[in-house]
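As structure tokens, the structure follows; a few thoughts come after it.
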Amino acid sequence: MTNRLIRMPEVCEKIGMGRTAVYDLMEHKGFPRPVRLSSRYVAWSEAEVDEWINQRLAERDDTINA
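Quick note, my numbering runs 715 ahead of the 1-based positions in the sequence shown.
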């Protein structure tokens with residue numbers, strides 16, 4: 716597991732959604748919260764984002780197999 720931090724453009728690329736959707740997901744869908752790097756910068760744990768993606772895939776698979 717990596718402790719790499721990724722910024723918003725890479726988060727958006729990983730999940731295939733835009734910036735507004737990322738903040739909406741944080742508010743309503745349990746998307747990982749960012750880590751404050753400074754007064755102007757935040758980043759996300761790549762491992763937490765990957766885990767969130769894997770959870771969505773598992774939910775999909777559970778729905779298909781049900």
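Using N, Cα and C, we set each Cβ at its ideal position, and we do this for glycine too. Quick caveat: nothing in here was measured; it's all calculated off a predicted structure.
Could you tell me which residues DSSP puts in a beta bridge with residue 751? Residue 751 pairs with 757.
Whole-angstrom distance between residue 738 and residue 746, CA atom to CA atom: 8 Å
When the Cα atoms are used, what is the spatial distance from residue 740 to residue 720? Looking at the two C-alpha atoms, the distance is approximately 18 Å.
Residue 726: which of 749, 778, 718 and 773 sits nearest, CA to CA? 749
Report the rounded CA-to-CA distance for residue 759 versus residue 733, giving the unit in angstroms. 15 Å
Through-space distance from residue 768 to residue 730, alpha-carbon basis: 7 Å
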